[in-house]
Structures are given as C-alpha cells and as structure tokens.
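Those protein sequence lines, which keep their order, are chains A and B. So for the first sequence, the working numbering puts the first residue at 13; every next one is plus one. So for the second sequence, the working numbering puts the first residue at 41; every next one is plus one. Working notes, structure below.
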Amino acid sequence: MAEPMLAVRGLNAWYGESHILHGVDLDVRQGEVVTMLGRNGAGKTTTMKSVMGLVGARKGSVRYEGRETIDLPAYRIARQGIAFCPEERAIFASLDVAENLMLPPAVGPGGMSVDTIFELFPNLKERLSSQGTKLSGGEQQMLAIARILRTGARLLLLDEPTEGLAPVIVQQIGHTIRRLKSEGFTILLVEQNFRFAATVADRHYVMEHGRIVDEIANDALEANMDKLHEYLGV
Amino acid sequence: MPDIFGIPPQALFGQLLLGLINGSFYAMLSLGLAIIFGLLNIINFTHGAQYMMGAFTAWMLLNWLGISYWWSMLIVPVVVGTFGVLIERTMLRHLYKLDHLYGLLLTFGIALIVQGMYRDQFGSSGLPYRIPDALRGGTDLGFMYMPNYRGWVVAVSLVVCLTTWFVIEKTKLGAYLRAATENPPMVQAFGINVPRMVTLTYGFGVGLAAFSGVLAAPIYQVSPQMGADLIIVVFAVVVIGGMGSIMGSIVTGFGLGIIEGLTKVFYPEASATVIFVIMAIVLLLKPAGLFGRVR
Ligand SMILES: Nc1ncnc2c1ncn2[C@@H]1O[C@H](COP(=O)(O)OP(=O)(O)OP(=O)(O)O)[C@@H](O)[C@H]1O
Ligand SMILES: [Mg+2]
Numbered sequence: 013m014a015e016p017m018l019a020v021r022g023l024n025a026w027y028g029e030s031h032i033l034h035g036v037d038l039d040v041r042q043g044e045v046v047t048m049l050g051r052n053g054a055g056k057t058t059t060m061k062s063v064m065g066l067v068g069a070r071k072g073s074v075r076y077e078g079r080e081t082i083d084l085p086a087y088r089i090a091r092q093g094i095a096f097c098p099e100e101r102a103i104f105a106s107l108d109v110a111e112n113l114m115l116p117p118a119v120g121p122g123g124m125s126v127d128t129i130f131e132l133f134p135n136l137k138e139r140l141s142s143q144g145t146k147l148s149g150g151e152q153q154m155l156a157i158a159r160i161l162r163t164g165a166r167l168l169l170l171d172e173p174t175e176g177l178a179p180v181i182v183q184q185i186g187h188t189i190r191r192l193k194s195e196g197f198t199i200l201l202v203e204q205n206f207r208f209a210a211t212v213a214d215r216h217y218v219m220e221h222g223r224i225v226d227e228i229a230n231d232a233l234e235a236n237m238d239k240l241h242e243y244l245g246v
Numbered sequence: 041m042p043d044i045f046g047i048p049p050q051a052l053f054g055q056l057l058l059g060l061i062n063g064s065f066y067a068m069l070s071l072g073l074a075i076i077f078g079l080l081n082i083i084n085f086t087h088g089a090q091y092m093m094g095a096f097t098a099w100m101l102l103n104w105l106g107i108s109y110w111w112s113m114l115i116v117p118v119v120v121g122t123f124g125v126l127i128e129r130t131m132l133r134h135l136y137k138l139d140h141l142y143g144l145l146l147t148f149g150i151a152l153i154v155q156g157m158y159r160d161q162f163g164s165s166g167l168p169y170r171i172p173d174a175l176r177g178g179t180d181l182g183f184m185y186m187p188n189y190r191g192w193v194v195a196v197s198l199v200v201c202l203t204t205w206f207v208i209e210k211t212k213l214g215a216y217l218r219a220a221t222e223n224p225p226m227v228q229a230f231g232i233n234v235p236r237m238v239t240l241t242y243g244f245g246v247g248l249a250a251f252s253g254v255l256a257a258p259i260y261q262v263s264p265q266m267g268a269d270l271i272i273v274v275f276a277v278v279v280i281g282g283m284g285s286i287m288g289s290i291v292t293g294f295g296l297g298i299i300e301g302l303t304k305v306f307y308p309e310a311s312a313t314v315i316f317v318i319m320a321i322v323l324l325l326k327p328a329g330l331f332g333r334v335r
C-alpha cells in the first residue's frame with residue numbers, strides 16, 4: 013500500500029518544560045477527511061501545531077508525501093503544501109479582509125480561484141475593505157478557511173472550525189468541508205462535536221492525554237456510541 | 041513685513057525651519073524605531089549610534105576615498121544596515137522571547153561600545169562635512185531666506201517617511217510586515233520565512249538611521265556624541281506618538297520639531313524641555329501614546 017499523505021509516528025511535543033504529546037501515531041490518506049476527537053486539553057491543537065512545526069520542541073516522525081519534516085522550520089513545512097487554520101482563527105486586525113485573504117503566498121499549483129472562494133463564501137465579497145477583525149465570528153472563520161484555499165496547499169489542518177458558531181453557520185461549514193473533499197483536498201479536522209464530525213469525516217481518532225487511544229471508522233460510529241460518550245465525557 | 045505676535049517674521053520662520061529640520065530627523069529616526077519595535081519587540085537603543093555611524097561613514101568616504109555625498113546616500117545605508125544585520129543575526133536573535141529590558145540593555149551596551157570606539161578614533165570635538173556644491177547657497181522665498189540644503193533635508197525626509205508609510209500600509213510586502221508584527225507564528229505557518237524578514241527589517245531600520253546620519257552630516261558636526269544627544273529626544277517622540285504606529289511616528293516627529301521651534305521663539309527658556317513636558321502629559325493622559333495601541 014502506498015504511504016499515506018500524512019504519517020505521524022511516535023510524535024512527542026513540548027511547550028517549554030511541559031511535555032504535552034507522548035507518542036502520537038496517526039495517518040491521513042490522500043483525499044480523506046479525518047477528525048481528532050477528545051476532551052479539552054487532550055492535545056488535539058498541539059498535534060496540529062506539531063505537524064505544522066509551531067511548538068517549542070518536537071520529536072518522532074512526521075512524514076508528508078513521503079518526506080520527513082520533523083527537522084524543518086514551520087515556513088518550510090507550509091511550503092510542502094500543508095496549511096493550518098487555527099482554533100482562534102488568527103485574522104489580522106491590521107489587515108483588511110482583502111489583505112487577509114490574499115496574504116498567504118502560493119505554496120503549490122492548483123490553488124482555488126478567488127471567484128470560487130467567493131462562490132463558497134459570498135459574505136466575504138461584501139466585506140473586502142472591512143478591517144479583518146470587524147467581521148462576525150462566523151465570517152472570520154470563513155475568512156480563515158478561505159485564505160488557505162488559494163495557496164495550492166493540499167492538506168488542510170482545521171482546528172475546531174465550528175466552535176462557538178450558530179447552527180446555520182455550522183451547516184455552511186459542513187457543506188464547505190464536503191465540497192473541499194470533493195475537490196480533492198485532504199483534511200485533518202479537530203472537532204468537539206462528534207455529531208457534526210460524523211457528517212463530514214471518513215474516520216475518527218480519539219485523543220486522550222497526548223496519545224491517540226482509539227480509531228473509529230465513520231460507519232462504525234453509531235455502534236461505538238457508548239464508548240465515545242465515555243471518551244468525551246458527554 | 042509686520043511682526044507676528046510681536047515677533048519679527050524672519051525670526052519666526054527661521055525657527056520654524058529649524059524646527060522642521062529637527063522634526064525631519066525625529067520623524068525618520070522614530071519611524072525606524074517604531075518598525076523595529078513592532079516586529080522585533082526590541083527597543084533599539086543603538087539607533088543613535090547607528091545614525092552617528094551613518095554620518096561618520098559618509099565623512100570617511102568623502103575624506104578618505106573622495107566618494108561624494110550623493111554616492112554616500114546610497115552606500116552608507118547599505119554598509120551600516122549590514123552592520124545591523126550582523127548584530128541581529130549574532131546577538132538580538134537570542135533575546136526575542138525575553139523581556140524588552142534585555143534588548144534594551146544589549147542595544148544600549150552596543151551603543152556605548154560603538155560610541156567609545158569612534159571617540160577613541162576621532163576624538164570628540166566634531167568634524168565638519170562640506171555641503172555638496174549643488175545644494176550650497178540659499179533661496180529667497182520672499183518671507184524668508186532659506187538655505188538650500190535645509191530645504192533639501194526637509195523634502196528628502198518627507199519623501200522617505202511617506203514612501204516608508206506607503207510600503208508598509210499599502211503594499212503586499214507591508215501586509216506581511218504588519219501580519220508578522222501581530223502574529224509571527226501564523227505568518228510562518230503560511231510559508232513565509234519570518235526570521236529572515238526580521239533580519240531584513242532590522243537592517244532596514246538601521247539603514248534608515250544611517251541615511252538620516254548622512255543627511256545630518258552637513259548640518260550638524262559629525263561627532264561620536266551626535267546620536268546620543270538626539271536619540272534621547274527621539275525616544276520621547278516615540279513615547280508621545282505611541283510605539284509601533286508608523287504614521288504616528290511621522291506626524292509626531294515633525295509636529296514636535298515644529299513645537300520645539302516655536303517654543304524657541306515664544307518662550308526660549310522652555311525649548312530644551314518642552315518635548316519632555318509633553319511626554320509627561322501624554323503619559324499621564326494616554327499611556328499608550330497619541331497614536332499607540334495597547335499591546
Ligand atoms: N502554549 C502553551 N504552553 C504550555 N502549555 C500549553 C500551551 N498550549 C497548550 N498547553 C497545554 O497542553 C495541553 C494540550 O492542549 P491543547 O490545546 O493541545 O488541547 P486541545 O485538545 O486542543 O484542547 P481544546 O479542546 O480545549 O482545544 C493542555 O494541558 C494545555 O494546558
Ligand atoms: Mg484545541
């Protein structure tokens with residue numbers, strides 16, 4: 013079998029002195045949507061930041077398209093074709109919406125055209141000259157996703173894109189994720205809401221205390237409900 | 041011409057022009073400080089020494105190698121900017137995660153060393169630099185006589201300041217800089233080599249200080265102390281304008297130069313302290329500075 017697009021093995025990560033990830037193993041195959049579920053503080057965000065090279069120190073192996081990236085700085089990892097949409101969205105206050113959208117440079121061929129992006133997120137088109145942080149929470153989330161679609165990155169790391177958003181917007185984001193999958197994007201998604209995750213994902217990883225403790229195929233989700241409730245404490 | 045508020049117009053306009061000249065240097069130097077502070081989080085106390093190095097480098101190029109003022113305007117910022125790049129690469133780089141205080145102490149130390157070396161080499165009496173022939177003489181503006189070189193300094197510094205503002209606020213390059221000032225890791229995660237950008241930004245800020253030094257050489261005496269005297273006032277300007285605001289630095293720089301000039305006319309006793317009095321008032325009323333954001 014071909015090597016998965018993203019292969020994480022024995023990943024350890026630290027913020028200063030605190031050891032957060034203790035040997036994370038996960039795979040994301042080309043074209044898949046995979047979620048990481050887990051309680052607050054389990055290490056989901058830290059896993060994404062570690063893949064991106066944004067933590068203090070990391071050890072283990074993170075291979076992207078067959079190439080080891082564990083020793084690369086973040087900007088070189090990004091240039092391999094990985095893009096990150098953080099939990100806090102990180103829209104820049106000193107940039108307007110258009111500047112925020114156009115900021116990330118191309119990292120590969122075949123990025124989504126601005127027209128397609130506006131078709132996906134019509135709200136953004138109306139607000140191009142607003143200050144980035146003047147947008148509503150939902151619009152900021154859309155902008156944060158939109159700006160990484162332009163760049164030609166093929167693997168998207170989306171950290172809790174539905175957090176704190178109204179149900180209609182959550183639906184719109186679900187629709188967007190399915191559309192992106194159909195366009196060939198590969199997505200690693202962090203979600204607290206496994207009902208939402210079930211509508212978009214192929215597989216789910218469960219994370220606890222800095223490790224992956226379970227893997228559940230999407231069609232086995234119903235059968236594993238009890239176990240999942242226990243993992244997530246809901 | 042009649043007196044204005046009991047002041048002969050020649051004296052008034054003369055002091056206004058002096059104020060504008062000083063304001064030109066305040067604006068260019070505080071602009072560099074603001075850019076450096078924004079991205080590097082470092083209060084560059086070496087700025088005055090780098091300005092002085094600019095003036096001295098122009099002096100050495102002219103007197104030792106016969107290289108003209110015009111070439112110096114191009115060469116000096118590159119030479120002194122490269123010195124800045126070396127400092128950033130070898131020393132400043134290690135301080136970004138620490139408190140502002142460490143950067144301030146390091147750059148202050150470097151400033152003392154640099155000034156000491158120049159004093160050792162050139163003495164402290166000050167050396168003259170010839171005004172380039174094309175800018176000698178003056179022009180009668182009707183209401184006052186303006187030395188050409190002084191008008192040139194004001195015009196060039198306006199152009200430099202506004203160009204810098206334009207690049208930072210209106211271009212893609214500037215958008216990278218603004219974004220990296222706000223959130224360096226995120227910009228890095230987009231594939232941009234932020235450490236290199238930081239190095240070049242420091243180099244640019246230092247180059248700007250050196251360029252100011254070249255402009256200053258024919259006006260002020262070229263002396264090892266010239267930057268140290270000026271930079272204290274420039275820091276007050278930065279505090280008043282608010283650290284990190286580009287247009288704020290420019291407006292405050294020119295504005296305070298003019299206020300200082302007017303004070304010399306109307307109440308000369310206060311002219312040396314007026315900027316610091318304003319600084320104290322601004323700090324009390326608006327601690328982040330007139331144009332500053334709380335960070
Ligand atoms: N910058 C940091 N410095 C030190 N510790 C941190 C830092 N960021 C996160 N942590 C710690 O690392 C652990 C994992 O955090 P992480 O943000 O990865 O969790 P998460 O699974 O994303 O949680 P959530 O669902 O709340 O987003 C937590 O215990 C957290 O306190
Ligand atoms: Mg998180």
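Cβ atoms here follow ideal geometry from the backbone N, Cα and C, with glycine treated the same way. Everything numeric in this text was worked out from a predicted model, so none of it was measured.
Apart from the five residues just before and just after residue i, which ones in its own chain have a Cβ nearer than 6 Å to its Cβ?
| i | result |
| --- | --- |
| A276 of chain B | I315, F316 and M319 |
| R335 of chain B | Its pLDDT being 49, under 50, R335 of chain B is placed unreliably by the model, and nothing is read from it. |
| Y307 of chain B | none |
| G68 of chain A | W26, Y27 and G28 |
| E172 of chain A | E99 and V202 |
Hey, is residue i's beta-carbon within less than 9 Å of any beta-carbon in chain B?
| i | result |
| --- | --- |
| E258 of chain A | With chain A represented from 13 up to 246, any question about residue 258 of chain A goes unanswered, as that position is not in the structure. |
| L66 of chain A | yes |
| Y76 of chain A | no |
| P85 of chain A | yes |
| A95 of chain A | yes |
| L147 of chain A | no |
| R91 of chain A | yes |
| R88 of chain A | yes |
| T163 of chain A | yes |
| I160 of chain A | yes |
Using beta carbons (cut-off 9 Å, strictly below), is residue i in contact with chain A?
| i | result |
| --- | --- |
| V229 of chain B | For clarity, residue 229 of chain B is Ala in the given sequence; the question names Val instead. Chain A, which has a Cβ nearer than 9 Å to the Cβ of A229 of chain B, makes this yes. |
| V305 of chain B | no |
| N233 of chain B | yes |
| P225 of chain B | yes |
| R335 of chain B | Low confidence applies to R335 of chain B: its pLDDT is 49, below 50, so where it sits in the model is not reliable, and the reading given next is rough at best. No, no contact with chain A. |
Using 8 Å for Cβ pairs, my map puts residue i next to residue j. What's the rounded Cβ distance?
| i | j | result |
| --- | --- | --- |
| A195 of chain B | L79 of chain B | So it is not a contact: roughly 28 Å between Cβ atoms. |
| S252 of chain B | F65 of chain B | 6 Å |
| V200 of chain B | M68 of chain B | 6 Å |
| V251 of chain A | L23 of chain A | Summary: the structure shown does not reach residue 251 of chain A, with chain A confined to residues 13 through 246, and so no result is reported for it. |
| R3 of chain A | E15 of chain A | In the structure as shown, chain A begins at 13 and stops at 246. Residue 3 of chain A is therefore absent and cannot be evaluated. |
| F96 of chain A | M60 of chain A | 6 Å |
| I280 of chain B | L330 of chain B | 6 Å |
| L146 of chain B | L135 of chain B | 6 Å |
| R109 of chain A | L140 of chain A | In the sequence as displayed, the identity of residue 109 of chain A is Val instead of Arg. That belief holds up - the Cβ atoms of V109 of chain A and L140 of chain A are roughly 5 Å apart, short of 8 Å. |
Keeping to the same chain, check which residues put their C-beta closer than 8 Å to that of residue i; ignore five residues upstream and five downstream.
| i | result |
| --- | --- |
| A268 of chain B | G88, A89, M92, A151 and Q155 |
| I61 of chain B | R190, V193, V194, I259 and G297 |
| G295 of chain B | G63 |
If I measure Cβ to Cβ from residue i and keep anything under 7 Å in the same chain, skipping five residues before and after, which residues do I get?
| i | result |
| --- | --- |
| L213 of chain B | V207 |
| P224 of chain B | V234 |
| A19 of chain A | D39 and R75 |
Return yes when at least one heavy atom of ligand 4 lies under 8 Å from the C-beta of residue i, else no.
| i | result |
| --- | --- |
| Q55 of chain B | With respect to ligand 4, the structure shown offers nothing to examine, as its ligands consist of ligand 1 and ligand 2. |
| Touching by the beta-carbon criterion (3+ pairs, under 8 Å), the region 277-292 of chain B and the region 74-93 of chain B | Touching, per the Cβ criterion.
| query | Quick check: the region 227-244 of chain B against the region 92-111 of chain B, are there 3 or more CB pairs under 8 Å? | reply | Contact check between the region 227-244 of chain B and the region 92-111 of chain B: fewer than three CB pairs, one atom from each, fall below 8 Å, which does not count as touching.
| query | Closer than 7 Å, Cβ to any Cβ of chain B: which residues of the region 114-130 of chain A, in chain order? | reply | The region 114-130 of chain A vs chain B, Cβ under 7 Å: L115, P116, P117 and V119.
| task | Indicate whether the contact test is met: 3 or more Cβ pairs, each with one atom in the region 232-243 of chain A and one in the region 77-95 of chain A, closer than 8 Å. | result | Not touching, per the Cβ criterion.
| task | Select from the region 199-221 of chain B all residues with a C-beta closer than 8 Å to any C-beta belonging to chain A, and list them in chain order. | result | Within the region 199-221 of chain B, the qualifying residues are K212, A215, Y216, R218, A219 and T221.
| Three or more C-beta pairs below 8 Å linking the region 113-122 of chain A and the region 257-264 of chain B | Not touching, per the Cβ criterion.
| query | Between the region 113-126 of chain B and the region 170-183 of chain B, do at least 3 Cβ pairs fall closer than 8 Å? | reply | Counting Cβ pairs under 8 Å, fewer than three are found: no touch.
| Residues of the region 170-187 of chain A whose Cβ lies closer than 7 Å to any Cβ of chain B, in chain order | Under the 7 Å Cβ criterion, the region 170-187 of chain A contributes no residue.
| query | Is it true that the region 142-149 of chain A meets the region 72-81 of chain A, where meeting means three or more beta-carbon pairs spaced less than 8 Å apart? | reply | Contact between the region 142-149 of chain A and the region 72-81 of chain A is absent, with fewer than three C-beta pairs closer than 8 Å.
| request: Could you tell me whether the region 215-226 of chain A touches the region 48-63 of chain B, where touching means 3 or more Cβ pairs closer than 8 Å? | output: The answer is no - the region 48-63 of chain B does not touch the region 215-226 of chain A, with fewer than three Cβ pairs under 8 Å.
| request: With 9 Å as the limit, tell me which residues of the region 96-107 of chain A have their beta carbon closer than that to any beta carbon of chain B; keep them in chain order. | output: Answer set for the region 96-107 of chain A: F96, P98, A102, F104, A105, S106 and L107.
| Between the region 238-246 of chain A and the region 168-181 of chain B, do at least 3 Cβ pairs fall closer than 8 Å? | Contact between the region 238-246 of chain A and the region 168-181 of chain B is not established, with fewer than three Cβ pairs separated by less than 8 Å.
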